[in-house]
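Note sheet for the following structure.
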Amino acid sequence: MGKIKVKRASTTIDMTAMCDVSFLLLTFFILTATARQPEALPVDMPASTVQIKVPDTDLGTVTVGDGGKMFFGVTGPNVRVNMLNRIGEKYGMTFSEEEKQRFSLIEGFGVPLSRLKQLIALEGTARIAPGVQTGIPADSTDNQLKEWIMAARLATAEENDKQMRVAIKGDADEEYPAIKRIIDILQDQDLNKFSLITNLRTAN
Amino acid sequence: MTAMVDLAFLLITFFMLTTSISKPYAMDVAMPDKTEEQDKDQLDVADNRTITLLLGSDNKIEYYMGLLEEPIEGPTVVDYGRNGIRPILLEKIKQIPQITGDPKKGLIVIIRPSDKSHYRNLVDILDEMKIVNAQQYMIGDISPLEIELLEREGIYN
């Protein structure tokens, strides 16, 4: 009788193909992930169960935090330049092409107009250093925030032919009067629909 | 090789999850038109189907039904969330159409944040409106009388 030979299958699997695929996917996801820009005013947003995402375009964001400091930002470089031109016209300021170019890359800012040029001249990391940006004045005597929002809306309408949406991004521990002031500014411009930016609430 | 594939998949999972999670969410709010507001407040809002929520400090709500001078129910102090305001709202939403006898005439919620409430409270209560599916709600300004009420309950500090 001959010996029965049990043929043993090799336990190792060729991983090359799998490895290739996984690295391809990895590269894809790394490249598509947009690097998060450091925010001028980091805020801790409140949570809600809303599932609608914030739109990427035609959005103006008013950020409020750190004891009522107001920051403002709008999406799209060309809209930002247009907005800056309008503000310059309104307040009799002139900006050089380089300043416009630099301003078009600023996502959000919070300085009074008197210090705007100074902010534009700063480098990216120095801009977000604590104490540099003190917020846009929004009180009744000198309401610059209102002018910025108005300019941003007109700029969005002109550049992209769309209505700009306004979103309020507030710190969870911010007291209501600061929010109320923004809502009043928006309502004065007949803007009765806006969004509040929140995080997703995972457990209730 | 196995370790490398493991690591690669771990990273893939991480990037897949973070790309979709990092985006914040937008809660839409519609405010009543300012020019109309004056007439609307005084006209046809029936007292028996309005509930007013006063947002005080320390994450507390005080609510009453009807008019402040002669409330049908309350004023009572409650908490936010599942064990606080939600069961009350759900009960009222069910009850009010039966009282008015018209399914279209449901509960009207008036939200009045006080100066001492936090932004978190406003988002919480608007979220609560979505959860209980309240059809009619609005954000209004608080009156001095109502602030007095909050002070009396010790939730205005």
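Line by line, the protein sequences give chains H and F.
Heads up, the first sequence is in my numbering, so the first residue is 458 and it goes up one at a time.
Heads up, the second sequence is in my numbering, so the first residue is 154 and it goes up one at a time.
Note that the Cβ used here is the ideal one computed from N, Cα and C, for glycine as well.
All of these numbers come straight from a predicted model, not from anything done at the bench.
Quick check: the Cα distance between residue i and residue j, rounded to an integer number of angstroms?
i: F:L196; j: F:A183; result: Because the pLDDT of F:L196 is 49, which lies under 50, any placement of that residue in the model is unreliable, and the number read from its coordinates should be weighed accordingly. Between F:L196 and F:A183, the C-alpha separation is close to 20 Å.
i: H:R610; j: H:A629; result: 26 Å
i: H:V531; j: H:I654; result: 14 Å
i: H:F529; j: F:G234; result: 32 Å
i: H:N535; j: H:S561; result: 7 Å
i: F:I284; j: H:P503; result: 16 Å
i: F:P304; j: F:N310; result: Residue 304 of chain F is actually Glu in this sequence, not Pro. So the two alpha carbons sit approximately 8 Å from each other.
i: F:M169; j: H:T484; result: 11 Å
i: F:I278; j: F:Y217; result: 15 Å
i: H:E555; j: H:N539; result: 14 Å
i: H:K619; j: H:N649; result: 17 Å
i: H:K464; j: H:A474; result: 26 Å
i: F:S270; j: H:I636; result: 11 Å
i: H:C476; j: H:T468; result: 18 Å
i: F:N201; j: F:L260; result: 9 Å
i: F:R273; j: F:L208; result: 11 Å
i: H:I585; j: F:L220; result: 49 Å
i: H:A614; j: F:I246; result: 41 Å
i: F:G237; j: F:I308; result: 16 Å
i: F:Y178; j: H:S652; result: 9 Å
i: F:E306; j: H:E580; result: 51 Å
i: F:Y290; j: H:D596; result: 29 Å
i: H:I509; j: H:K626; result: 15 Å
i: H:Q590; j: H:P499; result: 12 Å
i: F:T205; j: H:P569; result: 39 Å
i: F:L163; j: F:M154; result: 14 Å
i: H:R658; j: F:D280; result: 10 Å
i: H:S553; j: H:T598; result: 29 Å
i: H:G517; j: H:L541; result: 14 Å
i: F:L242; j: F:K258; result: 15 Å
Return the first residue and the last residue of the beta strand (DSSP E) that residue i is part of.
i: F:Y178; result: Y178 to A183
i: F:R265; result: I261 to P266
i: H:F552; result: It is not in any beta strand (DSSP E) - H:F552 carries neither H nor E in the DSSP assignment.
i: H:K526; result: K526 to V531
Checking the sheet assignment: what are the DSSP bridge partners for residue i?
i: F:P224; result: F:G219
i: H:A624; result: H:T518 and H:S652
i: F:T203; result: F:I261
i: F:D232; result: F:K213
i: F:I292; result: F:I264
i: H:N600; result: H:A595
i: H:F566; result: H:F529
i: H:K510; result: F:Y178
i: H:L663; result: Beyond the ends of chain H as shown, which are 458 and 661, falls residue 663 of chain H; an answer cannot be given.
i: H:E632; result: F:H271
i: F:L208; result: F:I214 and F:P266
So residue i packs on residue j, CB below 8 Å; how close in whole Å?
i: H:N617; j: H:D515; result: 6 Å
i: H:V511; j: H:I639; result: Contact doesn't hold; Cβ gap of about 17 Å is too wide.
i: H:M527; j: H:I593; result: 5 Å
i: H:A497; j: H:G567; result: 6 Å
i: H:A490; j: F:T166; result: No, H:A490 and F:T166 are not in contact; Cβ-Cβ is about 13 Å, not under 8 Å.
i: H:A608; j: H:R559; result: The Cβ separation is near 18 Å, so there is no contact.
i: F:V158; j: H:S479; result: 6 Å
i: F:D268; j: H:E546; result: With 8 Å as the limit, F:D268 and H:E546 do not qualify as a contact, their Cβ atoms being about 37 Å apart.
i: F:I292; j: F:I264; result: 5 Å
Would you mind reading off the limits of the alpha helix (DSSP H) that contains residue i?
i: H:R537; result: P534 to Y548
i: F:A245; result: First, the amino acid is wrong: residue 245 of chain F is Lys here, not Ala. Where F:K245 is concerned, the enclosing alpha helix (DSSP H) stretches over I238 to T253.
i: H:T468; result: Per DSSP, H:T468 belongs to no alpha helix (DSSP H) and is neither H nor E.
i: F:M282; result: Y272 to V285
i: H:K574; result: L573 to A578
i: H:G581; result: G581 to R584
i: F:I300; result: P297 to E306
Q: Could you say if the segment 230–246 of chain F and the segment 203–217 of chain F meet the contact criterion of at least three C-beta pairs nearer than 8 Å?
A: These segments touch.
Q: Determine contact between the segment 248–256 of chain F and the segment 286–301 of chain F, defined as no fewer than three beta-carbon pairs at a distance below 8 Å.
A: Because the criterion of three Cβ pairs below 8 Å is not met, the segment 248–256 of chain F and the segment 286–301 of chain F do not touch.
Q. Between the segment 569–586 of chain H and the segment 628–644 of chain H, are three or more C-beta pairs nearer than 8 Å?
A. By the Cβ test, the segment 569–586 of chain H is not in contact with the segment 628–644 of chain H, since fewer than three Cβ pairs between them sit closer than 8 Å.
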